[in-house]
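Here is the structure we will look at, set down as structure tokens.
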Amino acid sequence: MYAAPLKAGGLAREAPSPRNPTEAMYFYENFSKIVGLHVEMTNKSTDFKRLKFPVLNVVMTNKLTDGLKLTVHCKSKDNDLGIHVLVPGQSYGFKFRHNLFGETLFFCFFKWNDVTHWFDIYEDERDYATCKSCYWDIKQTGPCLKDPKGDICYPWNK
């Protein structure tokens, strides 16, 4: 099958001709490489660890008062990390690598008694440059990021 010439910027460019096997082979070889790369990059089973992004760590500690147990349920777009119940002073954490496009987001739901809140516990834009290991104290008033210069406390997400 022969394709009509393509017009780009006023110049006509011939599609690979079946009469010139070398040109057609070159075109299809490169095309298959591009398709293969696209499939490799979009395949969820691709091991992006080869890209050497650093391992990031998030740890949350139950700092609720009055001996309250804290239920934590964290998720990302691709991962559900399950439900964890923490007694006072107990910690729960997880490790991950940020995604290729710098859009990593983990959010968590926090519940005690009849109170439920949620918070973006790791957000690339906020945390990547400053926090390779993010340690959070979870309090009734909101999550507080542990920092040597002084804790940074945030309000709960609305």
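Per this note's numbering, the very first residue in the sequence shown carries number 13; after that it's consecutive. Cβ atoms here follow ideal geometry from the backbone N, Cα and C, with glycine treated the same way.
| Check | Outcome |
| --- | --- |
| Beta-carbon spacing of Ile150, Leu82 below 7 Å | yes |
| Asp139 in three-state terms, based on DSSP | helix |
| Collapsed DSSP secondary structure at Pro160 in the structure displayed | coil |
| Close-in-space but distant-in-sequence residues of the same chain around Asp92 (CB under 6 Å, 5 per side omitted) | none |
| Beta carbon of Ile133 nearer than 7 Å to that of Val67 | no |
| Beta-carbon proximity check, Cys120 vs Cys146, cutoff 7 Å | no |
| Between the CA atoms of Leu80 and Val127 - distance to the nearest angstrom | 11 Å |
| Where the beta strand (DSSP E) through Phe113 begins and ends | No beta strand (DSSP E) contains Phe113, which DSSP labels as neither H nor E. |
| Neighbour-count burial assignment, Pro167, 16 or more Cβ in a 10 Å radius | exposed |
| Beta carbon of Val84 nearer than 7 Å to that of Phe122 | yes |
| Within-7 Å CB hit, Ala141 to chain C | Judged by its chain identifiers, the structure shown contains no chain C, having just a single protein chain. |
| Which listed residue (Lys161, Thr73, Phe65, Asp136) has its alpha carbon closest to that of Tyr103 | The sequence shown places Ser at residue 103, not Tyr. If we check each option's Cα against that of Ser103, Thr73 comes out closest. |
| Asp90 versus Pro160 - alpha carbon distance | 32 Å |
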